[in-house]
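Worksheet: one structure, shown below.
Protein chains: 2
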Amino acid sequence: MRLLIVEDEKRLALSLAKGLTAEGYAVDVVHDGLEGLHRASESPYDLLVLDIMLPGMNGYRVCSTLRAAGNDVPILMLTAKDGEYDEAEGLDTGADDYLTKPFSYVVLVARIKALLRRRGQGAGASPVHVLGELRVDTAARRVFLRDDEVALTAKEFAVLEQFVLRAGQVVSKGEILDHVWDFAYDGDLNIVEVYVSALRRKLGATLIRTVRGAGYRLETAR
Amino acid sequence: MRLLIVEDEKRLALSLAKGLTAEGYAVDVVHDGLEGLHRASESPYDLLVLDIMLPGMNGYRVCSTLRAAGNDVPILMLTAKDGEYDEAEGLDTGADDYLTKPFSYVVLVARIKALLRRRGQGAGASPVHVLGELRVDTAARRVFLRDDEVALTAKEFAVLEQFVLRAGQVVSKGEILDHVWDFAYDGDLNIVEVYVSALRRKLGATLIRTVRGAGYRLETAR
DNA sequence: TGTTCCCCATGCGCCTGTTGATCGTCGAGG
DNA sequence: CCTCGACGATCAACAGGCGCATGGGGAACA
Chain A
1 MRLLIVEDEK
11 RLALSLAKGL
21 TAEGYAVDVV
31 HDGLEGLHRA
41 SESPYDLLVL
51 DIMLPGMNGY
61 RVCSTLRAAG
71 NDVPILMLTA
81 KDGEYDEAEG
91 LDTGADDYLT
101 KPFSYVVLVA
111 RIKALLRRRG
121 QGAGASPVHV
131 LGELRVDTAA
141 RRVFLRDDEV
151 ALTAKEFAVL
161 EQFVLRAGQV
171 VSKGEILDHV
181 WDFAYDGDLN
191 IVEVYVSALR
201 RKLGATLIRT
211 VRGAGYRLET
221 AR
Chain B
1001 MRLLIVEDEK
1011 RLALSLAKGL
1021 TAEGYAVDVV
1031 HDGLEGLHRA
1041 SESPYDLLVL
1051 DIMLPGMNGY
1061 RVCSTLRAAG
1071 NDVPILMLTA
1081 KDGEYDEAEG
1091 LDTGADDYLT
1101 KPFSYVVLVA
1111 RIKALLRRRG
1121 QGAGASPVHV
1131 LGELRVDTAA
1141 RRVFLRDDEV
1151 ALTAKEFAVL
1161 EQFVLRAGQV
1171 VSKGEILDHV
1181 WDFAYDGDLN
1191 IVEVYVSALR
1201 RKLGATLIRT
1211 VRGAGYRLET
1221 AR
């Protein structure tokens, strides 16, 4: 875990760096806003601790510039409580959390951990499956084909999900029926064909391959 | 946020429930240890307030049984100070925090909030969530839309909070019901639709997107 | 007693699931 | 190589379900 501290009060910056290093983080420190922006743009940090009052470029601008460039590294802002700067403004510019000086070291560490955890969950906890040009986010129930979102109905999504979970394997119509339709359903297997047809129309014909007499197979990336 | 209070002193339990409900939590109360264990095992509570001296099964055993079953719901234990039971033992059995009777209501609420924050509920320690033009301060229970504060009722806020905690993911009506309404409620899922409707009216129609057949999704800014 | 909030019920409109018919395709066997 | 039968794909039409809006009744405050 790499952290960047952008803070011009050198004593504070140093003591934070020391403590966070002891926690097991790799910590870099800069004392200037512009310098911080460069560092953050060029290296992949896991989190930024960003003061607002900075020489070179103030924290708000560093933050909004990073965001404008598409950088979504978690940012913890440090604000002085004397009111010249507003906490809300920090959040508006795209910071993820703020802390008002003076703060306790324990609280800072807790917030940092929380932000890192949040990031971790946001990416890891939501199982996103990528198969070539197809991206399926089961938590958000969204499907993307080459950056374009594809709108699927509930049943279509459920069928696709079965294929994704067993990508590359042959899945029979009966199995799809068992997993997607409820127990009581005793209709025709043709219903599966109908949905495969719909998926092919929306996602491209080559994605789901027919295995005659056995079922279908979702093509894995190649 | 659903809380379960397990406390056999009925007057105390009732007054806590009343106060916490006013804070916007969905609160269930039981007066018996065994009953509490069952409830906690079967429903997804966000926090337990657990007395030690209880009929049926004492608080220690309730706590350790839950932990043994892999349930890691935050538990706040209430201990009498007369020494028959030991605070440390409570923590040993897997409680997250304890409070010695008599305690002030304010302290209790503070501890509860701290635990919920610490546990994060998937959201980290920051009480403020920013999603595009929406800013939700869960600690202060205030909501801002583009610098204007929006007045929400307790239930409206509770529903919104669920969405915010799982922003970008699909949340089903059932899940909302489970977390916002208490267990005594067994009404129609339609009630969720009514509240989503109210939120859309106050916060704009595009914020909460309907995912037909699955639930709703709070749009993340981007 | 008035106001606010919460829950329920109703009706409506649109989307979606399902069906059955028809058309296309594959492969085995003559 | 051709034919035929079986399997699969697609389409259109219908009915029911799902989600939304709205208003009223009732409870809980002040």
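For the record, the sequence lines run as chains A and B. Going by our numbering, 103 is the number at position 103 of the first sequence; the sequence numbering is gapless. Whatever position you read off the second sequence (first residue = 1), add 1000 for our numbering. Here a beta-carbon is modelled for each residue, glycine too, at the ideal position from N, C-alpha and C.
Assuming residue i and residue j are in contact, meaning their beta carbons sit under 8 Å apart, how far apart are those beta carbons, in whole angstroms?
{"i": "V73 of chain A", "j": "A40 of chain A", "result": "7 Å"}
{"i": "L1066 of chain B", "j": "D1097 of chain B", "result": "Not a contact, Cβ separation roughly 15 Å."}
{"i": "L116 of chain A", "j": "V107 of chain A", "result": "Not confirmed; about 15 Å, so no contact."}
{"i": "L152 of chain A", "j": "I112 of chain A", "result": "38 Å between Cβ atoms; not a contact."}
{"i": "A1140 of chain B", "j": "V1170 of chain B", "result": "Their Cβ separation, rounded to whole angstroms, is 28 Å, which puts A1140 of chain B and V1170 of chain B out of contact at 8 Å."}
{"i": "A1167 of chain B", "j": "T1210 of chain B", "result": "Incorrect: roughly 16 Å between the Cβ atoms, too far for contact."}
{"i": "E161 of chain A", "j": "T138 of chain A", "result": "6 Å"}
{"i": "L1225 of chain B", "j": "E1133 of chain B", "result": "Residue 1225 of chain B cannot be examined here, being either before or after the span of chain B that is shown, 1001 to 1222."}
{"i": "Y1045 of chain B", "j": "R1002 of chain B", "result": "5 Å"}
Could you work out which residues of chain B lie near residue i, taking near to mean beta carbons separated by less than 9 Å?
{"i": "T153 of chain A", "result": "R1212, G1213"}
If the cut is a Cβ gap below 7 Å, which residues of chain A does residue i touch?
{"i": "G1168 of chain B", "result": "A140"}
Report the neighbours of residue i on chain A: residues whose CB is nearer than 9 Å to its CB, in chain order.
{"i": "R1217 of chain B", "result": "A140, R141, R142"}
In the DSSP output, which residue or residues are listed as bridge partners for residue i?
{"i": "D178 of chain A", "result": "Answer is none; D178 of chain A lacks a bridge partner."}
{"i": "F1144 of chain B", "result": "B:R1135, B:E1149"}
{"i": "M57 of chain A", "result": "Partner(s): none; M57 of chain A has no beta bridge."}
{"i": "I75 of chain A", "result": "A:L48"}
{"i": "T65 of chain A", "result": "DSSP, once it has assigned bridges, lists no residue as partnering T65 of chain A."}
{"i": "Y1216 of chain B", "result": "B:V1171, B:T1210"}
{"i": "R1002 of chain B", "result": "B:A1026"}
{"i": "A80 of chain A", "result": "A:K101"}
{"i": "V1192 of chain B", "result": "Bridge partners of V1192 of chain B: none, in fact."}
Against chain B, with Cβ distances strictly below 9 Å, would residue i count as a contact?
{"i": "G59 of chain A", "result": "no"}
{"i": "D148 of chain A", "result": "no"}
{"i": "F157 of chain A", "result": "yes"}
{"i": "D51 of chain A", "result": "no"}
{"i": "G187 of chain A", "result": "no"}
{"i": "Y105 of chain A", "result": "no"}
{"i": "D182 of chain A", "result": "no"}
{"i": "Y98 of chain A", "result": "yes"}
{"i": "G94 of chain A", "result": "yes"}
{"i": "V194 of chain A", "result": "no"}
Compare the C-beta of residue i with all C-beta atoms of chain A and state if any pair is closer than 9 Å.
{"i": "V1128 of chain B", "result": "yes"}
{"i": "A1125 of chain B", "result": "The predicted position of A1125 of chain B is uncertain, since its pLDDT is 45 and thus under 50; a value taken from the coordinates is nonetheless stated next. Closer than 9 Å to some Cβ of chain A, the Cβ of A1125 of chain B qualifies, so yes."}
inquiry  = Contact between the stretch 1015 to 1032 of chain B and the stretch 181 to 189 of chain A is defined here as three or more beta-carbon pairs at a separation below 8 Å; is this criterion met?
reply    = Result no; under three Cβ-Cβ pairs closer than 8 Å.
query = Given 8 Å as the limit, is there contact between the stretch 194 to 207 of chain A and the stretch 1020 to 1030 of chain B, that is, 3 or more CB pairs closer than that?
reply = The answer is no - the stretch 1020 to 1030 of chain B does not touch the stretch 194 to 207 of chain A, with fewer than three Cβ pairs under 8 Å.
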